[in-house]
Every structure is written in C-alpha cells, then in structure tokens.
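Undergrad: Residue numbers (the working numbering): 70 to 248.
Backbone N, C-alpha and C define an ideal beta-carbon position, used for all residues, glycine too.
#1: Do you know whose CA, among 171, 142, 145 and 155, lies nearest residue 111's CA?
#2: From the DSSP output, in three-state form, read off residue 173 for me.
#3: Does residue 95 pass the burial test, meaning 16 or more other C-beta atoms within 10 Å, or should it be called exposed?
#4: Near residue 74, what residues of its chain come up, given a Cβ to Cβ distance below 8 Å and the 5 sequence neighbours on each side ignored?
#5: Specify, as a first and last residue, the run of the alpha helix (DSSP H) that residue 154 falls within.
#6: Sort 82, 247 and 70 by Cα distance to residue 131 and report the nearest one.
#7: Just to confirm, does residue 166 get its C-beta within under 7 Å of one of the non-hydrogen atoms of the ligand FMN?
#8: Just to confirm my understanding: we take residue 134, look at its own chain, exclude 5 residues before and 5 after, and list those with CB closer than 6 Å. What are they?
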C-alpha cells in the first residue's frame with residue numbers, strides 16, 4: 070500500500086521500535102502494579118497514587134493498542150502487526166489481572182474516608198468516575214434505607230425501597246456463599 074494511503078501513526082509512536090520499547094516498559098510496570106493489591110485503602114495518598122497509576126497505565130496501554138490495531142488494519146496480511154495487536158491485547162489482559170483487586174478494595178471504603186477524600190477535589194478528579202459514582206450511590210442508598218421510610222405515606226416509594234433492600238440482601242447473601 071502506498072504510503073500516501075496510510076495513516077500517519079508517527080504522532081502515536083515515531084517507530085515500531087518505540088512501540089516495542091513502550092510495550093516492554095508497560096509489561097514491567099504492570100507486573101510491579103500487582104504489589105498494590107491489599108494497599109489501596111492504606112491512606113488517602115495510597116488511594117490517589119494507585120488510582121493515578123491505574124489510569125496512567127490504562128491510557129498508555131490504549132495508545133499502544135491503537136497503534137498496533139491501526140498498523141494491522143493498514144495491511145492485514147502483514148504478520149508483524151498481527152503480532153503487535155496480539156501483544157497489546159495480552160498486555161491489556163495482564164493489566165486487568167494486575168488491577169483486579171482495585172474495585173473490590175475500593176468498594177470497602179468507609180463512608181468517613183470517602184467523605185474526607187471527597188473534600189480534596191484533586192483526589193476526587195483522579196479517581197475513576199464510574200467507581201466513585203458507585204460509592205456515592207452505595208452510601209446514598211444505605212442512608213435512604215436506614216431512614217424510617219415506613220413513615221412515608223407513599224406506598225409506591227415504600228414498595229420500591231423494600232424491593233431495593235431485598236436485592237441488596239440477596240447480593241450480600243450471594244457474596245457470603247461465594248467466599
């Protein structure tokens with residue numbers, strides 16, 4: 070394929086060699102990230118540092134994957150770029166395994182720690198928004214359920230809250246059964 074019909078991927082990586090160097094660096098950093106397991110909630114600083122590391126690695130892995138994928142799409146007959154794409158996918162899998170601890174540990178955060186952390190807007194910005202939203206929803210729901218909602222005269226709201234409470238209890242029981 071003539072070069073004029075190909076993407077200019079030098080804005081992502083200047084060369085295949087630079088891509089391979091980044092791959093090696095990310096593989097090493099992903100392996101090191103396994104040491105974070107069990108330490109996410111040691112302090113607000115560890116939460117912030119580990120969250121920033123996770124997000125930073127993810128961005129770099131995505132960049133690596135985009136380059137490999139686009140190189141492969143330029144000419145799917147070229148085995149080198151099929152291998153690049155497979156390596157990038159393998160790295161993403163290793164990253165997912167290395168950070169498998171993140172969400173379960175994050176969901177153990179106490180309301181007090183989360184409230185204190187939320188005061189620091191820079192720390193909140195660095196934490197994955199979706200996970201943060203789950204925490205806020207978790208505590209909003211617990212607060213709502215802990216209120217004496219039976220006193221509310223709206224039967225539809227009472228039925229809905231009772232249903233949600235049953236679903237939470239079902240989830241807790243399933244979690245206990247799983248270990």
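TA: With the given structure in hand:
#1: Residue numbering aside, residue 111 sits at position 42 when the chain shown is read from its first letter. Nearest of 171, 142, 145 and 155 to residue 111, Cα basis: 171.
#2: Translated into positions along the chain shown, residue 173 becomes position 104. Helix.
#3: Working through the chain shown from its first residue, we reach residue 95 at position 26. The C-beta of residue 95 has 16 or more other C-beta atoms within 10 Å across all chains shown, which makes the residue buried.
#4: Counting from one through the chain shown, the residue named residue 74 turns up at place 5. In its own chain, leaving out the 5 sequence neighbours on each side, no residue places its CB closer than 8 Å to the CB of residue 74.
#5: As a first step, residue 154 must be located in the chain shown, where it is residue number 85. Residues 148-167.
#6: The residue labelled residue 131 in the question sits at position 62 within the chain shown. Check the Cα spacing between residue 131 and each of 82, 247 and 70: the tightest is with 82.
#7: With respect to the ligand FMN, the structure shown offers nothing to examine, as it has no ligands at all.
#8: Counting from 1 along the chain shown, the entry for residue 134 is found at position 65. So the list reads 157, once near-sequence residues are dropped.
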